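**Student:** In this note's numbering, the protein residues as written are 1319 to 1643.
Quick one: this structure, given as C-alpha cells, is what I'll be asking you about.
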Ligand code: TXA
Ligand code: MG
C-alpha cells in the first residue's frame, strides 16, 4: 500500500501523523536538512520498523530528534559545559551532538552504544510533530546507502510502500544532512561534516578535531564508504578523470559555464556561485542524473571549505559506492 501524503503545514496533518507515531507507525517528515523517517524513539518495536523499512543494519545508530534543548536530559546523561556554548546559537539547526546516553533510550536507537546522537531540527512542522508525539528517532528517509531525500516525492519513490504517512513540506532548505559532532572527547570531534560548518564550530569551541579516517573507520557508521551512492557510476573530475570518449555521460557542475560540450545532461548546482545553494540542490540533481540511465556521471569538485567540506564528503562517498572511483 502506498503511503498517504499530507501537507506538512496543516495542523490536521500533524495531528494525524502524531497519532500514527503513537500507534507505533512510521512517518516521513521534512526537516531543514533532509527528510527523516520517524518513529517514537521510546518504542523499540516502532524503531525496529525503521531498520526494516530502510534495510539498515542494526549496528548503525539513529539520531533522536527533540523539540528543544531543555529536552536533552530525556536522552542524554550528565552535563557538558560545551552545550552552553553550542545549543543556544545552533539549536534548532543542522547540528547533531553525540553525548553519553541516558537510561531508558532503547538499545536499538543507539545500536547498543553507550552514547546517543541528538538534535533539534529547524523546521516548524518537525518541531510541532515532536511536541505532539515526543522525541523521534529518525534516519534520513532513504534506502540504506542511497542519497538522502530532499523532497517528499523522493521519499514516496523509494519508501512509499514502507511508511504509513509522508508529510510534504516542500524541498529542504539545507539539502545536506546535519553536522555530527562528538562531545564524548575533549577536544570535540567532527564525525560528519554537514549543515553547520567546521569553521563555525571552531569559532565557538576553539579546537575541534576532524575524524582522521572517516572512510576507513566508521565512528559514525553512516561514514561508511559507499554511502550516498547513485546506481550510475560517479567519478570526480580532475585527477586524470575527464569525459570518456564513449558512452553516455552526465556532468554535475557548480557554477561554471564552460567545458560542458558532449554531455548527455548537465546539472548546474549553483548558478549564483553560492555553495549553500549547491548543497541544497545536490541530492536532487544526483537523483535526476541517476534516473537517465547514463554510463557515467562526472562530478566537478569545489573547495573543501565551509559547506564545501560536506559537499565533497558526499561526492567522494558517492564515487566510492557507485564504483565510479
Ligand atoms: O540531518 C540529519 O541528520 C538527518 C535528518 C533526518 O535529521 N538524519 C540523518 O540520519 O542523516 P542518518 O541516520 O541518515 O545519519 C545519522 C548518522 C549515522 O551516520 C549514524 O551512524 C550516526 O548518525 N550516529 C547516530 N548515533 C551515533 C552515535 N551514538 N555515535 C556516533 N554516530 C552516531
Ligand atoms: Mg542517512
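Backbone N, C-alpha and C define an ideal beta-carbon position, used for all residues, glycine too.
Being a predicted model, the structure only gives us computed values, none of them experimental.
1. How would you call residue 1330, buried or exposed, if buried means at least 16 neighbouring beta carbons within 10 angstroms?
2. Could you give the residue range of the alpha helix (DSSP H) that holds residue 1354?
3. Measure the beta-carbon distance from residue 1455 to residue 1427 and round it to whole angstroms, keeping in mind my assumption that it falls under 8 angstroms.
4. Do the region 1350–1365 and the region 1502–1510 touch if we need at least three Cβ pairs shorter than 8 angstroms?
5. Thinking C-alpha only, which one of 1383, 1354, 1380 and 1635 is nearest residue 1553?
6. Can you name the start and end residues of the alpha helix (DSSP H) that residue 1428 belongs to?
7. My guess is that residue 1382 and residue 1434 are in contact by the Cβ rule of under 8 angstroms, so how many angstroms apart are they, rounded?
8. Between the alpha carbons of residue 1338 and residue 1415, how many angstroms are there, rounded?
9. By Cβ distance below 6 angstroms, which residues in the same chain neighbour residue 1481 in space, the five residues on each side in sequence not counted?
10. When you compare only the Cα positions, how much space is there between residue 1586 and residue 1609?
11. Tell me whether residue 1566 sits in a helix, a strand or coil according to DSSP, three-state version.
12. Examine the ligand PLP and report whether any of its heavy atoms sits within less than 7 angstroms of the Cβ of residue 1370.
13. Please report the Cβ distance between residue 1602 and residue 1492, rounded to the nearest whole angstrom; I am assuming they are in contact, meaning their Cβ atoms lie under 8 angstroms.
14. Using the beta-carbon count (16 or more within 10 Å), is residue 1370 buried or exposed?
15. Classify residue 1511 as buried or exposed, calling it buried when 16 or more other Cβ atoms lie within 10 Å of its own Cβ.
16. Among all the DSSP beta bridges, which residues are the ones paired with residue 1504?
17. Relative to the ligand MG, is the shortest distance from any of its heavy atoms to the C-beta of residue 1457 smaller than 7 angstroms?
18. When the distance is taken between beta carbons, is residue 1640 closer than 8 angstroms to residue 1547?
19. If you draw a straight line from the C-alpha of residue 1521 to the C-alpha of residue 1472, how long is it?
20. In whole angstroms, what is the alpha-carbon distance linking residue 1630 and residue 1498?
21. Determine, using beta carbons only, whether residue 1494 and residue 1627 come nearer to each other than 8 angstroms.
22. Measuring CB atoms only, is the region 1439–1446 touching the region 1401–1412, in the sense that at least three cross pairs come out at less than 8 angstroms?
23. Alpha carbon to alpha carbon, how far is residue 1402 from residue 1615? Give it in angstroms, no decimals.
24. Within 10 Å of its beta-carbon, does residue 1357 have 16 or more other beta-carbons around it, so buried, or fewer, so exposed?
25. Quick one: what's got a C-beta closer than 6 angstroms to residue 1334's C-beta in the same chain, skipping five residues either side?
26. Could you tell me the alpha carbon to alpha carbon distance between residue 1408 and residue 1450, rounded to whole angstroms?
27. According to DSSP, is residue 1441 helix, strand or coil?
28. Buried or exposed for residue 1623, going by 16 or more other Cβ atoms inside 10 Å?
**Tutor:** Result, derived from the coordinates:
1. As a first step, residue 1330 is located in the chain shown; it is residue number 12 there, counting from the start. Flag for residue 1330 reads exposed.
2. Taking the first residue of the chain shown as 1, we reach residue 1354 at position 36. Premise fails: residue 1354 lies in the beta strand (DSSP E), 1354–1358, not in any alpha helix (DSSP H).
3. Stepping through the chain shown from its first residue, residue 1455 is reached at position 137. Stepping through the chain shown from its first residue, residue 1427 is reached at position 109. Between residue 1427 and residue 1455 the Cβ distance is about 5 angstroms, and since that is below 8 angstroms, they are a contact.
4. no
5. Residue numbering aside, residue 1553 sits at position 235 when the chain shown is read from its first letter. Nearest C-alpha to residue 1553: 1635.
6. The residue given as residue 1428 occupies position 110 in the chain shown. That run of the alpha helix (DSSP H) goes 1425–1428.
7. Taking the chain shown and counting its residues from 1, the one referred to as residue 1382 is at position 64. Taking the chain shown and counting its residues from 1, the one referred to as residue 1434 is at position 116. 6 angstroms between Cβ atoms; contact.
8. Start at 1 with the first residue of the chain shown, and residue 1338 comes out as number 20. Start at 1 with the first residue of the chain shown, and residue 1415 comes out as number 97. Straight-line Cα distance between these residues: approximately 27 angstroms.
9. The count along the chain shown starts at 1 and reaches residue 1481 at position 163. Closer than 6 angstroms at the Cβ level, and outside the excluded window around residue 1481, lie 1321, 1344 and 1346.
10. The sequence position of residue 1586 within the chain shown is 268, counting from 1. The sequence position of residue 1609 within the chain shown is 291, counting from 1. Looking at the two C-alpha atoms, the distance is approximately 16 angstroms.
11. Within the chain shown, residue 1566 is the residue found at index 248, counting from 1. Correct three-state label for residue 1566: coil.
12. Judged by which ligands are present, the ligand PLP is missing from the structure shown, whose ligands are the ligand TXA and the ligand MG.
13. Start at 1 with the first residue of the chain shown, and residue 1602 comes out as number 284. Start at 1 with the first residue of the chain shown, and residue 1492 comes out as number 174. So it is not a contact: roughly 13 angstroms between Cβ atoms.
14. Position 52 of the chain shown, counting from 1, holds the residue named residue 1370. Residue 1370 is exposed by the Cβ-count criterion.
15. In the chain shown, residue 1511 corresponds to position 193, counting from 1. Buried, since its Cβ has 16 or more Cβ neighbours within 10 Å.
16. The count along the chain shown starts at 1 and reaches residue 1504 at position 186. The partner list for residue 1504 (beta bridge, DSSP) is empty, contrary to what the question assumes.
17. As a working note, residue 1457 is residue 139 in the chain shown. Within the cutoff, so yes.
18. For this step, residue 1547 is matched to residue 229 along the chain shown. For this step, residue 1640 is matched to residue 322 along the chain shown. In this structure, residue 1640 lies closer than 8 angstroms to residue 1547 by Cβ.
19. For this step, residue 1521 is matched to residue 203 along the chain shown. For this step, residue 1472 is matched to residue 154 along the chain shown. Approximately 35 angstroms between the Cα atoms of the pair.
20. On the chain shown, residue 1630 is found 312 positions in, with the first residue counted as 1. On the chain shown, residue 1498 is found 180 positions in, with the first residue counted as 1. Going by the C-alpha atoms only, they are around 16 angstroms apart.
21. The sequence position of residue 1494 within the chain shown is 176, counting from 1. The sequence position of residue 1627 within the chain shown is 309, counting from 1. Contact: no.
22. yes
23. Against the chain shown, residue 1615 aligns to sequence position 297. Against the chain shown, residue 1402 aligns to sequence position 84. Their Cα atoms are separated by approximately 44 angstroms.
24. Walking along the chain shown from the start, residue 1357 turns up at place 39. So residue 1357 counts as buried.
25. Taking the chain shown and counting its residues from 1, one reaches residue 1334 at position 16. Answer for residue 1334: no residue qualifies.
26. On the chain shown, position 90 is the one that residue 1408 refers to. On the chain shown, position 132 is the one that residue 1450 refers to. Each residue's alpha carbon lies about 23 angstroms from the other.
27. Taking the chain shown and counting its residues from 1, one reaches residue 1441 at position 123. Note: residue 1441 maps to coil in three-state DSSP.
28. Locating residue 1623 in the chain shown gives position 305, where the first residue counts as 1. Exposed is the call here.
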